[in-house]
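Residue numbers (the working numbering), protein chains in the order written: chain F, 4 to 124; chain U, 4 to 124.
Report on the following structure.
Protein chains: 2
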Amino acid sequence: MNLKDILKLDDKGLVCAVVQHHETGQVLMVGYMNEESLDITLREKKACFWSRSRQKLWLKGETSGNVLHVKEIRVDCDADALLLRCDPVGPTCHTNETSCFYRRVEDDGAVTLAGDGVAAE
Amino acid sequence: MNLKDILKLDDKGLVCAVVQHHETGQVLMVGYMNEESLDITLREKKACFWSRSRQKLWLKGETSGNVLHVKEIRVDCDADALLLRCDPVGPTCHTNETSCFYRRVEDDGAVTLAGDGVAAE
């Protein structure tokens, strides 16, 4: 069975890709891939996404140097989401936080800084 | 700052929600939430999603009993993805696998069973 035969892209031709640190388990970011960015990711073993805001291919770290080296790719039961287990060269978030998920949502919906680098514990 | 003021829903009124085991760091599933399912999740502290296939609210575990008790919610830098750190009552996947991401994608795109419960290691 090949990924291409089972992968379900959405109506924009995209699939959700969760990036997780392959050693710590920390969830670093969520991005979206089209077929071309997935091909590049599989070939180069560096995470490449489709930027929905810029509508172009986005090789993560191309500018910042903070490349995500892909150690393993997983696909979920519905084949409509991917999990990329990566070795990040530097901070994943453009804010310089280790993870893009650096803010906590409290019970009342208040958003606060977690201040802990979202470690997997 | 409240989540409701910053959250960016997509053109279908949905936001991507990654579910992670709050202790092991294992990524368990990816779901989508609309405002109502997010409200329920915040109030009940059990993960509730919008089922895109069935077009209805989906309180995870409602039928199977495999509820996801929500220990913490994170929001990402763009406020267009959520991370739910959960305590799962049982297997998260409908296949009875611990995680929905139980299949590995090899370099050539071949999909294989990971056979390891996708542990965070």
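Even glycine gets a Cβ: it sits at the ideal position worked out from N, Cα and C.
Alpha carbon of L116 of chain U to alpha carbon of D13 of chain F, nearest angstrom: 24 Å
Indicate the three-state DSSP secondary structure (helix, strand or coil) for D14 of chain F in the structure shown. coil
Chain U contact for L62 of chain F (CB, 8 Å cutoff): no
Taking S40 of chain U as part of the alpha helix (DSSP H), name the residues at either end of that continuous run. DSSP places S40 of chain U in the uninterrupted alpha helix (DSSP H) bounded by E38 to E47.
Give the secondary structure of K59 of chain F by DSSP, where H, G and I count as helix, E and B as strand, and everything else as coil. strand
At the level of alpha carbons, what is the spacing between T66 of chain U and L6 of chain F? When rounded, the distance between both Cα atoms is 30 Å.
Grab the span of the beta strand (DSSP E) containing D90 of chain F for me, first residue to last. A84 to P91
Using CA coordinates, which residue listed in U:C96, U:C89 and U:D81 is at the minimum distance from C96 of chain F? U:D81
In chain U, what lies closer than 9 Å to A113 of chain F by C-beta? M4, N5 and L6
The ligand COA heavy atoms versus the CB of L116 of chain F: any closer than 7 Å? As presented, the structure is devoid of all ligands, the ligand COA included, so that no description of it is given.
Given R77 of chain F, which residues of its chain have a CB within under 6 Å of its CB, disregarding the five upstream and five downstream residues? L86
Proximity winner among F:D111, F:P94 and F:E47, relative to H24 of chain F (alpha-carbon distances): F:P94
State the Cα-Cα distance for the pair S56 of chain F and P91 of chain F, rounded to the nearest angstrom. Each residue's Cα considered, the two are about 23 Å apart.
Strictly below 7 Å CB to CB, what residues from chain U border E75 of chain F? R107
Taking 8 Å as the threshold (beta carbon to beta carbon), is Q58 of chain U in contact with chain F? no
Closest Cα partner of L31 of chain F within the set F:V22, F:D111 and F:G68: It is F:V22.
If you count every other CB in all the chains shown that lies within 10 Å of the CB of A113 of chain F, and 16 or more means buried, which is it? exposed
In the DSSP output, which residue or residues are listed as bridge partners for V21 of chain U? U:V33 and U:L86
Interface flag, H72 of chain U vs chain A, CB-CB below 8 Å: Judged by its chain identifiers, the structure shown contains no chain A, and its protein chains are F and U.
What does A84 of chain U touch in chain F if you count any residue whose Cβ is under 7 Å from its own? V33
With D83 of chain U and K11 of chain U assumed to form a contact (beta carbons below 8 Å), what rounded beta-carbon distance in angstroms separates them? 4 Å
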